[in-house]
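Trainee: Sharing a structure, written as structure tokens. Questions coming.
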């Protein structure tokens with residue numbers, strides 16, 4: 001067998017794992033298989049497995065076993081101190097571990113670590129009292145594990161999600177702050193590239209905010225930042241963002257208070273952003289007009305006073321995925337009803353038309369949802385024409401669309417996989433001719449087609465469209481059929497389902 005250097009083996013295994021994940025195989029099983037080959041393969045695979053061992057855990061028993069291994073890696077003095085606290089350590093081996101597992105850690109998820117420790121404590125019958133949130137014994141074990149990570153590891157990803165705030169205050173972020181001046185804490189944090197803080201930050205104590213601001217002095221390489229914040233936390237994110245030299249991915253969730261300090265920090269230090277997901281009610285969108293490297297843009301809860309006009313009139317030549325949702329609800333597949341609370345008219349389409357032109361053909365995904373009661377027909381025609389003409393790489397479309405331009409969309413966007421047309425009016429109309437015509441240009445990879453309820457079409461038109469699909473070897477088409485009260489239409493759909501053209505439809 002050819003012997004490879006450790007670095008080469010790790011790179012090979014990483015590539016194989018990436019491929020296997022795409023195929024939905026178990027990457028943990030693959031790594032365990034590699035570990036059985038020989039000692040060198042075992043060492044290389046172990047380094048990958050122990051970067052984020054929590055991600056491979058399937059049940060509570062495995063959670064418990066993982067903590068037992070990490071406790072085995074603690075210094076003797078720490079294990080003795082824990083035992084003196086009355087915590088049973090029977091499941092923890094006294095033998096030296098095969099590898100220094102804490103040193104391999106690259107991704108720390110507080111919630112999963114908390115769950116694993118709880119599972120281990122529950123597995124020790126005499127440790128049940130330590131499960132209490134206020135238990136000093138629980139915090140002692142957690143602090144000991146964390147201190148060992150700080151002294152040995154250099155993490156790249158930090159996730160604080162769904163954790164009880166007291167645990168973060170007492171153990172996690174305070175350890176960062178207390179050890180800020182030590183070389184071990186700086187080594188632990190200085191290579192951090194991803195920070196996800198998605199707990200209820202409104203409940204955080206002032207000490208936590210100070211800790212985050214202080215560790216921002218250490219972390220200057222963050223590329224991905226996920227924020228769930230209230231306006232009282234604005235100064236934290238201002239400090240974190242200003243400290244970064246290469247921020248590329250920003251995602252803001254949660255409480256939609258204005259964040260002026262964060263907004264100004266992004267205006268000055270967000271030019272390298274490639275992925276942006278933000279509610280416009282939180283940060284005015286004109287802060288991003290100069291982010292010409294954007295590839296992914298997701299904006300929710302917008303209106304034309306949130307800097308959207310400036311954004312939509314800017315140029316994003318690298319943008320591939322665009323999501324725009326003006327409604328504050330989370331139902332992304334909502335269809336129109338006579339709702340008195342809906343805005344009267346959507347006036348963003350002319351600006352969206354210009355925005356589409358200014359992407360210069362790079363868009364692959366368009367998902368635009370508005371809940372206005374009516375759409376200007378001329379503006380819709382212009383917008384639909386621009387989408388068809390300017391998006392040759394488009395694979396996914398959801399939003400308003402002039403049905404008379406459907407054939408243009410199919411003809412000029414050959415890579416389309418999904419087309420979901422949302423309702424733009426309450427007037428019923430017949431689209432039989434448009435449906436038949438579009439069948440001549442149907443993309444070969446089309447898998448999903450949804451046509452709004454107000455559009456009617458004849459059985460002949462539907463049969464002609466599906467026959468065109470059959471001739472182009474379309475198979476497994478999911479077509480939403482709102483005219484299911486028409487038995488002839490249902491019969492046609494069933495006929496083509498037997499021919500494997502149609503996979504599913506609303507019946």
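In full-length UniProt numbering, the protein residues as written are 1 to 507. We put the CB at the ideal spot given by N, CA and C, even for glycine.
(1) How close, in whole Å, do the beta carbons of residue 318 and residue 293 come, if the pair is a contact with beta carbons under 8 Å?
(2) In chain order, what residues of the same chain have a beta carbon less than 7 Å from the beta carbon of residue 406, not counting five sequence neighbours either side?
(3) Just the C-alpha distance for residue 188 and residue 65, rounded to the nearest angstrom, thanks.
(4) Alpha carbon to alpha carbon, how far is residue 324 from residue 341? Give it in angstroms, no decimals.
(5) Who are the near neighbours of residue 279 in its chain, counting only those whose CB is closer than 7 Å to its CB and skipping five residues on each side?
(6) Can you look up residue 389 in the DSSP assignment and give me helix, strand or coil?
(7) On the criterion of 16 or more Cβ atoms from any shown chain inside 10 Å, does residue 80 qualify as buried, or is it exposed?
(8) Indicate whether residue 220 and residue 194 have their beta-carbon atoms separated by less than 8 Å.
(9) Report the three-state DSSP secondary structure of residue 150 (helix, strand or coil).
(10) Where do the N-terminal and C-terminal ends of the beta strand (DSSP E) with residue 420 fall, by residue?
(11) Here's the rule I'm using: 16 or more other beta-carbon atoms within 10 Å means buried, otherwise exposed. How should residue 538 be labelled?
(12) For residue 405, decide whether its Cβ has a neighbour in chain D, counting only Cβ atoms nearer than 8 Å.
(13) Excluding sequence positions up to five away, which residues of its chain have a Cβ less than 6 Å from the Cβ of residue 234?
(14) Kindly indicate the opening and closing residues of the beta strand (DSSP E) around residue 279.
(15) With H, G and I counted as helix, E and B as strand and the rest as coil, what does DSSP make of residue 320?
(16) Can you tell me which residues form a DSSP beta bridge with residue 399?
(17) On a Cα-Cα basis, can you pick out the residue from 276, 228 and 236 that is closest to residue 247?
(18) Cβ atoms of residue 150 and residue 185: under 8 Å apart, would you say?
(19) Within a Cβ cutoff of 7 Å, which residues of the same chain sit near residue 386, ignoring the five residues on either side of it in sequence?
(20) By the three-class DSSP mapping on this structure, what secondary structure does residue 224 have?
(21) In whole angstroms, give me the CA-to-CA distance for residue 448 and residue 122.
(22) Determine whether the beta carbon atoms of residue 423 and residue 452 lie at a separation below 8 Å.
(23) Measuring CB to CB, does residue 212 end up less than 8 Å from residue 250?
(24) For residue 70, collect the residues of the same chain with a Cβ closer than 6 Å to its Cβ; drop the 5 residues on either side in sequence, then sort them by chain order.
(25) In the DSSP assignment, find the alpha helix (DSSP H) that holds residue 89 and state where it starts and stops.
(26) Just grab the DSSP bridge partners of residue 325 for me.
(27) Under the three-state reduction of DSSP, which class applies to residue 109: helix, strand or coil?
(28) By Cβ distance, which residues of its chain are closer than 6 Å to residue 420, with the 5 residues on each side in sequence left out?
(29) Do residue 401 and residue 441 come within 8 Å of each other at the CB atom, strictly closer than that value?
(30) Suppose the cutoff is 8 Å on Cβ atoms and the five residues either side in sequence are ignored; what does the same chain contact list for residue 472 look like?
(31) Please list, in chain order, all residues of the same chain as residue 100 whose beta carbon is under 8 Å from its beta carbon, the five residues on each side excluded.
(32) Mind reading off the beta-carbon distance from residue 54 to residue 112? Whole number of angstroms is fine, and I expect it under 8 Å.
(33) Let me know if residue 502 comes out buried or exposed under the rule of 16 or more other beta-carbons within 10 Å of its beta-carbon.
Mentor: Checking against the coordinates, here is how it stands:
(1) 6 Å
(2) Only residues of its own chain outside the window of five on either side were considered, and among them 434 and 438 have a CB closer than 7 Å to the CB of residue 406, listed in chain order.
(3) 24 Å
(4) Below a pLDDT of 50, predicted positions are generally treated as unreliable, and residue 341, at 44, falls in that range; no measurement from the model is reported.
(5) 252, 256, 300 and 301
(6) helix
(7) exposed
(8) no
(9) helix
(10) 418-421
(11) Within the shown structure, residues of the chain are numbered from 1 to 507, placing residue 538 beyond reach of any answer.
(12) Going by chain labels, chain D is absent from the structure shown, which holds only one protein chain.
(13) 259, 261 and 262
(14) Looking at the DSSP string, the run of the beta strand (DSSP E) that includes residue 279 is 275-279.
(15) coil
(16) 421
(17) 276
(18) yes
(19) 353, 356 and 357
(20) strand
(21) Whole-angstrom Cα-Cα distance: 48 Å.
(22) A contact, by the Cβ cut-off of 8 Å.
(23) No, Cβ-Cβ distance for residue 212 and residue 250 is not below 8 Å.
(24) 145
(25) Careful: residue 89 lies outside any alpha helix (DSSP H) and carries neither H nor E.
(26) Partner(s): 300 and 369.
(27) Secondary structure of residue 109 (DSSP, three-state): strand.
(28) Once the five neighbours on either side are set aside, the close Cβ partners of residue 420 are 398 and 450.
(29) no
(30) 442 and 444
(31) 73 and 152
(32) 4 Å
(33) buried
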